[in-house]
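**Student:** Numbering (this note's numbering), first residue to last: 2 to 236.
Virtual Cβ for every residue (Gly too), placed ideally from N, Cα, C.
Predicted model only: the values in this text are computed from it and were never measured.
Set out below in structure tokens:
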């Protein structure tokens, strides 16, 4: 029954993602915005475990919540620079939350808690948001620092994804999701370099990022089926 529900949600997600990509390419702004937010809401339903809440689901929920907030904020691209920057920064925070999944996956036998490194980078991110708001005269430098921080978080995520994949060799979804997140970010960097000129590049960003979230959720669900442990600490 649960597998049938998951398959239905996966199909709906893919249809919504397709609508989102087509709307973005055709510059149907309102259709794009609505479908984009609905895909995130659908992922909440996909990862819902009822009373069987586990630490991995909590990290997914945090990551999805931050992605949802980032999606809303980045919709103000042409209206408010600070909100757009905060949206980009929130995407970085969402990757910090998702990185915690990979760390806990590879360390679950030793029951290690989340390293202070991730919390430290999250604090740095909030500092950059504050600097962008109060020190707008150096916004270009702060944006560059944001890019460096985002790259560091992606590197950490990829490293832990690789190590988690070595431990969970039968669950390739973890590594595939991380690779797709990296691909989406490479396309996004291209969009920034090209000054947002080509719609197809933005479509590729949306597509690969959406698929990566779906696959990471699938990886988490598959992992929990084999390694359910509800007694882990959140941090």
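Apply the 10 Å Cβ neighbour rule to residue 207 and answer buried if 16 or more other Cβ atoms are within range, or exposed otherwise.
**Tutor:** Your numbering for residue 207 matches position 206 in the chain shown. Buried is the call here.
**Student:** Kindly indicate which three-state DSSP category residue 147 falls into: helix, strand or coil?
**Tutor:** Counting from one through the chain shown, the residue named residue 147 turns up at place 146. If DSSP states are grouped into helix, strand and coil, residue 147 belongs with the helices.
**Student:** Return the residue from the list 224, 225, 223, 213 that minimises the CA-CA distance to residue 65.
**Tutor:** In the chain shown, residue 65 corresponds to position 64, counting from 1. Of the candidates 224, 225, 223, 213, the one whose C-alpha sits nearest the C-alpha of residue 65 is 213.
**Student:** Over what stretch of residues does the alpha helix (DSSP H) that includes residue 81 continue unbroken?
**Tutor:** Position 80 of the chain shown, counting from 1, holds the residue named residue 81. Element bounds for residue 81: n/a, residue is neither H nor E.
**Student:** For residue 143, decide whether its Cβ has a neighbour in chain D, counting only Cβ atoms nearer than 9 Å.
**Tutor:** Here chain D cannot be found, since the structure has a single protein chain.
**Student:** Is it buried or exposed, residue 141, if we count other Cβ atoms within 10 angstroms and call 16 or more buried?
**Tutor:** For the purposes of this step, residue 141 is taken as residue 140 along the chain shown, with counting starting at 1. Residue 141 is exposed by the Cβ-count criterion.
**Student:** Using 9 Å as the threshold, is the C-beta distance between residue 36 and residue 67 below it?
**Tutor:** Residue 36 sits at position 35 when you count from the first residue of the chain shown. Residue 67 sits at position 66 when you count from the first residue of the chain shown. Going by C-beta atoms, residue 36 is not nearer than 9 Å to residue 67.
**Student:** Would you mind sorting residue 6 into buried or exposed? The rule is 16 or more other CB atoms within 10 Å of its CB.
**Tutor:** The residue labelled residue 6 in the question sits at position 5 within the chain shown. Label assigned to residue 6: exposed.
**Student:** When you compare the segment 177 to 186 with the segment 147 to 157, are there three or more beta-carbon pairs, one atom per stretch, that lie closer than 8 Å?
**Tutor:** Flag = yes, the segment 177 to 186 and the segment 147 to 157 touch.
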